[in-house]
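Data block below; observations after.
Protein chains: 2
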Amino acid sequence: MTQIRPQSRDAIIEAAFQVFGADPRASLADIAERAGVGRATLHRHFKGRDDLMAALAHTAMAELEAAVAEATRDATSYSEALRLSMQAIVPLADRQWFLAAEAVEDAEHRREVSDGYTRQKRELADAVDAAKAEGLFGHDVPTAWIAEAFDNLLYAAWQLVRSGEATPTQAAALAWRTLTTGLGVTKSDK
Amino acid sequence: MTQIRPQSRDAIIEAAFQVFGADPRASLADIAERAGVGRATLHRHFKGRDDLMAALAHTAMAELEAAVAEATRDATSYSEALRLSMQAIVPLADRQWFLAAEAVEDAEHRREVSDGYTRQKRELADAVDAAKAEGLFGHDVPTAWIAEAFDNLLYAAWQLVRSGEATPTQAAALAWRTLTTGLGVTKSDK
DNA sequence: GCGTCATGAGACATAAATGTATCATTTGAG
DNA sequence: CTCAAATGATACATTTATGTCTCATGACGC
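Chains A and B supply the protein sequences, listed in that same order. Using numbering that gives the first Met the number 0, you'd call the opening residue of the first sequence number 0 and step up by one each time. Using numbering that gives the first Met the number 0, you'd call the opening residue of the second sequence number 0 and step up by one each time.
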């Protein structure tokens, strides 16, 4: 008797990303309105705020994994895989804040989201170590820092895109340059 | 009849930074409890949630300005001023999320906070331009990106500190290196 | 020690968010 | 077209957050 039409569910999730992104305190009524859906329908699809939050986290995670898998399909090295991943993730960075934020309160869902997040972190660290072995990063730089810088430069790139100052491709290129060689004057510079 | 004891006010602000930092949806009762203060007292000091938010933004802004002013007191160049500023801001980065977040809803307070935030952004951009003129950054790199990277690497540094993987000094040094020369292999590396 | 004033605790009223139930209407599959 | 299922609108009960008030208590200046 419930949730067969995927349209409503998708619209709600999309609206929730937008509205919660602007204001984490927004009410479920706000979400329903933005989704162009009745408040009751929202409750038919999601038990409550927590359930919705968990769905958002799940969606963000799936999008992230799909984008990375697609982007790294034909990478020939870990270094290139990292670069391609950054390029691919920039456009969806605005939905990833959700994974870092401990937005899910329910213990059961929390665990699931947390596990996925931890896994993502570990995979990034592994990729960084591999790239380090390929000579992309200095051995004197802690892996934890590289991963942290990767994430945050990714977010910086998205912010640049959002402000209209660059395209996703341009912003990703800037972030990659910053991560690997920095913003100092290069040989090609006058 | 109101707000003469600064102790309560300070305790509330401190608690609010902590609690809201962990959960923006926290209630004022949560804040009061963490502050070890009665809920009524909180309302005696702050008209409501918005007033408290504005106070937090004001505090964060003041701390930022004071730290930067102190750190750059005897800088001999804009480049050095930027480096010293980064070093100085890392320990208080956890209170700066507040300025970026559009947490203040009241129109009147909003304007004030927004103005201060805009001014900070402009000052950073000016400093970046000056450092660029000094040859610290390449002329081919957009100022907007440098500023964005500065902010986000700052935040990355704080996260590294929070995770216990580095001291503020170490983290700031990593962030500075990343920004200026990147994380690639250096000559000193084997 | 005295008096003042902020505070803490609690009661209270109000507002807002949430969750559920009902029912007429619409949608989409067959 | 027809029917079943999902939806929107509405009403309702419940919970939670908020804001105000009162009063006894404790802290601090004098």
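For every residue, glycine included, the Cβ atom is placed at its ideal position computed from N, Cα and C.
Let's see if you can read the secondary structure: which residues bound the alpha helix (DSSP H) around residue i?
i                : result
Ala130 (chain B) : 106-132
Glu32 (chain B)  : 27-34
Thr40 (chain A)  : 38-44
Gly20 (chain A)  : 5-21
Glu164 (chain A) : Where Glu164 (chain A) is concerned, there is no enclosing alpha helix (DSSP H), given that its DSSP letter is neither H nor E.
Leu55 (chain B)  : 48-70
Arg82 (chain B)  : 77-88
Between the options, which has its C-alpha nearest residue i's C-alpha?
i                : options                                : result
Thr177 (chain B) : B:Arg161, B:Glu122, B:Leu153           : B:Leu153
Ala129 (chain A) : A:Phe149, A:Arg38, A:Leu81             : A:Leu81
Asp49 (chain B)  : B:Glu79, B:Glu111, B:Val160, B:Ala124  : B:Glu111
Gln6 (chain B)   : B:Pro141, B:Gly35, B:Val18             : B:Gly35
Glu13 (chain A)  : A:Asp114, A:Glu101, A:Ile30            : A:Ile30
Leu63 (chain A)  : A:Lys46, A:Ala87, A:Met52              : A:Ala87
Ala100 (chain A) : B:Asp22, B:Ala70, B:Asn151             : B:Asp22
Gln119 (chain A) : A:Leu41, A:Ala39, A:Val18, A:His57     : A:His57
Trp175 (chain A) : A:Arg161, A:Ala156, A:Ala165, A:Thr117 : A:Ala156
Phe97 (chain B)  : B:Lys131, B:Ala39, B:Ala65, B:Ala54    : B:Ala54
Arg161 (chain B) : B:Gly137, B:Val89, B:His108            : B:Val89
Leu91 (chain B)  : B:Thr168, B:Ala59, B:Phe149            : B:Ala59
Ala172 (chain A) : B:Gly20, B:Ser113, B:Val140            : B:Val140
Asp9 (chain B)   : B:Arg33, B:Ser113, B:Thr180, B:Val103  : B:Arg33
What is the rounded straight-line gap between the Cα of residue i and the Cα of residue j?
i                : j                : result
Glu122 (chain A) : His44 (chain B)  : 47 Å
Trp144 (chain A) : Phe16 (chain B)  : 25 Å
Ala61 (chain A)  : Tyr77 (chain A)  : 21 Å
Val127 (chain B) : Thr117 (chain A) : 36 Å
Thr142 (chain A) : Ala124 (chain A) : 6 Å
Glu79 (chain A)  : Val18 (chain A)  : 35 Å
Glu69 (chain A)  : Leu83 (chain A)  : 9 Å
Lys131 (chain A) : Val184 (chain B) : 9 Å
Asp188 (chain B) : Phe149 (chain A) : Note that Asp188 (chain B) scores a pLDDT of 49, beneath 50, so its modelled location is shaky; the value from the coordinates is reported in the next line. When rounded, the distance between both Cα atoms is 21 Å.
Arg109 (chain A) : Asn151 (chain B) : 27 Å
Kindly list, in the order they appear in chain B, the residues whose Cβ is closer than 9 Å to that of residue i.
i                : result
Arg110 (chain A) : Those do not exist, as Arg110 (chain A) stays about 18 Å from chain B at its closest Cβ, beyond 9 Å.
Determine the chain A residues that contact residue i at a beta-carbon separation under 8 Å, and present them in chain order.
i                : result
Arg24 (chain B)  : Pro23, Arg24
Gly134 (chain B) : Val184
Give the interface partners of residue i over in chain A, defined as CB-CB distance under 7 Å, in chain order.
i                : result
Phe97 (chain B)  : Within chain A, no residue comes near Phe97 (chain B); the closest Cβ sits about 13 Å away, beyond 7 Å.
Tyr154 (chain B) : Asn151
Since residue i meets chain B, which of its residues come closer than 8 Å, beta carbon to beta carbon?
i                : result
Thr166 (chain A) : Neighbours of Thr166 (chain A) on chain B: none; closest Cβ ~12 Å, over 8 Å.
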